[in-house]
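Protein chains: 2
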Amino acid sequence: MSEYIEHDADGNSVGIVEKKLFTFAAPPDRLTLDSGVKFGPITLAYETYGTLNKEKDNAVLILHALTGDAHTAGYHSNDDDKPGWWDIMVGPQKGVDTDKYFVVCSNILGSCMGSTGPSSIDPGTKKPYGMNFPVVTISDMVRAQRQLMDHLGIEKLLSVIGGSIGGMQVLEWCVQYPDMVFSAIPLATTTRHSALAIAFNEVARQAILADPNWKKGDYYDNGRKPDLGLAVARMIGHITYLSDESMRFKFGRRLQDRSDFSFNFDADFQVESYLRYQGKKFVDRFDANSFLYITKAADYFDLERQHGAGSAVEAFSKAKAKFLVASFTSDWLYPTYQSRSMVKAMKKCGLDVSFCEIEAQWGHDAFLLPSARLSALISGFLDGAHREIRK
Amino acid sequence: MSEYIEHDADGNSVGIVEKKLFTFAAPPDRLTLDSGVKFGPITLAYETYGTLNKEKDNAVLILHALTGDAHTAGYHSNDDDKPGWWDIMVGPQKGVDTDKYFVVCSNILGSCMGSTGPSSIDPGTKKPYGMNFPVVTISDMVRAQRQLMDHLGIEKLLSVIGGSIGGMQVLEWCVQYPDMVFSAIPLATTTRHSALAIAFNEVARQAILADPNWKKGDYYDNGRKPDLGLAVARMIGHITYLSDESMRFKFGRRLQDRSDFSFNFDADFQVESYLRYQGKKFVDRFDANSFLYITKAADYFDLERQHGAGSAVEAFSKAKAKFLVASFTSDWLYPTYQSRSMVKAMKKCGLDVSFCEIEAQWGHDAFLLPSARLSALISGFLDGAHREIRK
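First to last, the protein sequences are chains A and B.
So in the working numbering, spot 95 of the first sequence is number 817, and the numbers just go up one at a time.
So in the working numbering, spot 201 of the second sequence is number 923, and the numbers just go up one at a time.
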């Protein structure tokens, strides 16, 4: 998410890749959501890299965060100036080695990145769903991904990997489909969204709802979107992805293109200018309603409540995967203590867990940034899992 | 700022108090601001409690934070159901003992609480200033307060006390008018606003600017104010006044008036309901333009830049006061390391400094909440200062 960090450019790319679509749950076979609503048809956008071996034991599922998409690595065309969002980690000889593994990246239900979400056309009305889209949960997203796995002929995943909201999906996979998950890597995540995290999401949503162009979600045909509200929502998010330390380092009190204060309401400071830019840029690529729905799903996420009657131990007693859990020292959105408590519950269930708190100043964003440590951890963990799954 | 904490009710109240107004800098004697603008007339709202002794050595000036006012203690009428914002600290036999000290509380220039600010009538146009109000700084606020002290016949302040933006004013008083300040108590504050603090203020401002009812600040005669934008701004602020720990304790994931998720965009969680309530309540008492101006003043605050050519030691070399500096463990808006660095600079200047980091889970808000520790510290410090000033 941080544009100020150069991605590594080691040339090990999966190359040109293609976004694919999988549609299922067409009426009458609709998917039953946690809300009780039966919903369909559902399309998931996904990408795959590498090759599924004939034992079908090398499939790795990567799950993205709030505003991500299926385009995890490589380029969509030769003119593409930016690779997928986790190209530093996914590719030949990278942390997730596409020479060894068949990597599947699935966009989430509710997103606006090719999958069915509030901006999709409701076949019933021939108009975008808007707020008629059902509220979906992390479980629902995983339930949909399960259908994609069936479609791809994958009965067992060597590993499921994701950070942040992607990490929630990882945890959900492990308890909802324990027999399908051999190993799992939840990064910078939590088993239940904290009050602080809910608070930030709620304020971001209120910023969108306050925008008169939002029009109760029915803005798709108006020519005007709730861009100002969505930009504010994104700016709030951005602050939570960074840290006091990283902002001090990255911006400090440096002024933007000026040597003295403006004494007006221009962006005096670099940090103001950065946030305004991030907000403006975001509205071109993301749908405000999807932002509402996905943040709500994150707020609802509570593995303990849904799968353990309030107990994390009870919830993880359903899991069978071996885990690599990683947190980042300066992540104050999903702080290390939340990972530690997850690890403690996993261990109480006798699960095989490795835990690593990675020293990083970049806040929550750290899981997306180049880290030799994280790459080596993931690579080693996957190798071990691959050896084991073949036993 | 937290409505969930009961104020202590020990009956020691200053009783019924009265807001007073002092107007100065009427043209041609206008006040020269940091921006270079000459501005006036200026009215400051203030209150006083206790009695100025004949030696005039018992005056204590209390300075408020962003949305505070001159009404620090006591009640405005018998029907008043809430006392002033720091009634727990200011009154007979309290931390700031009004039996001993003559307490002056001054509202800040730029506020909407009785002093001249963007919502005041510009005598030139007979209309509210709106965005024609000049950008003011913490120095400008202090410069105006200095005029109030002259008016009250106070040549030397026994102490200047304030937290947050009030603490910035305290620091500014000490370096701008060193001969007038015998002692000072900056609480939960900083010598320069961090990138993180600027970021939150900027997003809050953008929420206001995004509200179409803001109309470039010219909304006073429209019947419609930028309430939605201001409410979002306030919600953002509220999160920064709390802490992960206090929100976990106060709200956790408790649902609001329901036993299960709504599966819509209602406020499911107590923390959402709390924030929405805080936002709505705020717009009745505060002016959006004042919010813009005061947050900008906080962002501009940089004691080191303005008074020390970038050096805190250089800046504090101008001060003569003895200091009591206090920070709060869970305050992540103005974390303890910022107070420590301030204290280090003060000590390098040979100043008499006491520093205390107070264990508190309530985040930045802690300085406003009942704390026997803080009351005792302030009371003891003021007693000592009063003995010394008489030597």
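Every residue gets a Cβ at the ideal spot worked out from N, C-alpha and C, and that includes glycine.
Predicted model, so just to flag it, every value in this text is computed and none were measured.
With 16 other CB atoms within 10 Å as the buried threshold, where does residue i fall?
i                 : result
Ser981 (chain A)  : exposed
Leu755 (chain A)  : buried
Leu1091 (chain B) : buried
Asp956 (chain A)  : Note that residue 956 (chain A) is Arg in the sequence shown here, rather than Asp. Buried, since its Cβ has 16 or more Cβ neighbours within 10 Å.
Leu753 (chain A)  : buried
Tyr1059 (chain B) : exposed
Pro845 (chain A)  : exposed
His873 (chain B)  : exposed
Leu743 (chain B)  : exposed
Thr773 (chain B)  : exposed
Gly1001 (chain A) : buried
Asp949 (chain B)  : buried
Ala731 (chain A)  : Confidence is the limiting factor: at Ala731 (chain A) the pLDDT is only 47, short of 50, which leaves the residue's position unreliable, though a coordinate-based value still follows. Ala731 (chain A) comes out exposed.
Ile843 (chain B)  : exposed
Gly1102 (chain A) : exposed
Phe971 (chain A)  : exposed
Gly951 (chain B)  : buried
Ala767 (chain B)  : buried
Asn775 (chain A)  : exposed
Pro750 (chain B)  : exposed
Glu994 (chain A)  : buried
Asp1009 (chain B) : buried
Thr789 (chain A)  : buried
Ala748 (chain B)  : exposed
Arg1007 (chain A) : exposed
Tell me, which residues are paired with residue i by DSSP?
i                 : result
Lys742 (chain A)  : A:Tyr768
Phe1077 (chain A) : A:Val1047
Phe991 (chain A)  : A:Leu977
Thr754 (chain A)  : A:Lys760
Val818 (chain A)  : A:Val812
Tyr797 (chain B)  : B:Ile738
Arg914 (chain B)  : B:Asp1024
Terminal residues of the continuous beta strand (DSSP E) containing residue i?
i                : result
Ile907 (chain B) : 905-909
Cys827 (chain A) : 824-828
Ala781 (chain A) : 781-785
Assuming residue i and residue j form a contact by the criterion Cβ under 8 Å, report the distance between their Cβ atoms to the nearest whole angstrom.
i                 : j                 : result
Ala1034 (chain B) : Leu1025 (chain B) : 7 Å
Ile887 (chain A)  : Phe922 (chain A)  : About 13 Å; that fails the 8 Å criterion.
Ala1041 (chain A) : Leu880 (chain A)  : Not quite, the Cβ-Cβ distance comes to about 16 Å (not below 8 Å), so this is no contact.
Met863 (chain B)  : Ala1019 (chain B) : 7 Å
Cys827 (chain A)  : Glu894 (chain A)  : Actually they are not in contact, since the Cβ atoms of Cys827 (chain A) and Glu894 (chain A) sit about 17 Å apart, beyond 8 Å.
Lys816 (chain A)  : Asn944 (chain A)  : With a Cβ gap of about 43 Å, Lys816 (chain A) and Asn944 (chain A) do not count as contacting.
Ala1043 (chain B) : Ser905 (chain B)  : 5 Å
Tyr1015 (chain B) : Phe855 (chain B)  : 6 Å
Trp1083 (chain A) : Ser1052 (chain A) : For the record, residue 1083 (chain A) in the displayed sequence is Gln; it is not Trp. Their Cβ separation, rounded to whole angstroms, is 5 Å, which keeps Gln1083 (chain A) and Ser1052 (chain A) in contact under 8 Å.
Ser1039 (chain B) : Cys1071 (chain B) : 5 Å
Ala932 (chain B)  : Val954 (chain A)  : 6 Å
Leu1130 (chain B) : Val818 (chain B)  : Past the edges of chain B, shown from 723 to 1113, lies residue 1130 (chain B), and the structure says nothing about it.
Thr765 (chain B)  : Ser841 (chain B)  : 12 Å between Cβ atoms; not a contact.
Over the uninterrupted alpha helix (DSSP H) stretch that includes residue i, give me the two end residues.
i                 : result
Thr717 (chain B)  : Residue numbering for chain B in the displayed model covers 723 to 1113; residue 717 (chain B) lies beyond these limits and cannot be assessed.
Ser1061 (chain B) : 1058-1070
Asp1105 (chain A) : 1094-1111
Leu931 (chain A)  : 917-931
Glu1026 (chain A) : 1025-1030
Ala1037 (chain B) : 1034-1038
Closer than 7 Å to a non-hydrogen atom of the ligand GTP - does that hold for the CB of residue i?
i                : result
Ile920 (chain B) : As for the ligand GTP, it is missing from this structure, which has no ligand bound.
Say whether chain D places a C-beta atom closer than 8 Å to the C-beta of residue i.
i                 : result
Asp1087 (chain B) : No chain D is part of this structure, whose protein chains are labelled A and B.
*Going along the chain, which unbroken runs of the alpha helix (DSSP H) with 4 or more residues stay wholly within the stretch 824-904 of chain B?*
Listed in chain order, the complete alpha helix (DSSP H) runs (minimum 4 residues) inside the stretch 824-904 of chain B are 860-874, 887-898.
*Return the chain-ordered ranges of every alpha helix (DSSP H) run that is complete within the stretch 941-968 of chain B and spans a minimum of 4 residues.*
Counting only runs that start and end inside the stretch 941-968 of chain B, the alpha helix (DSSP H) elements of at least 4 residues fall at 949-963.
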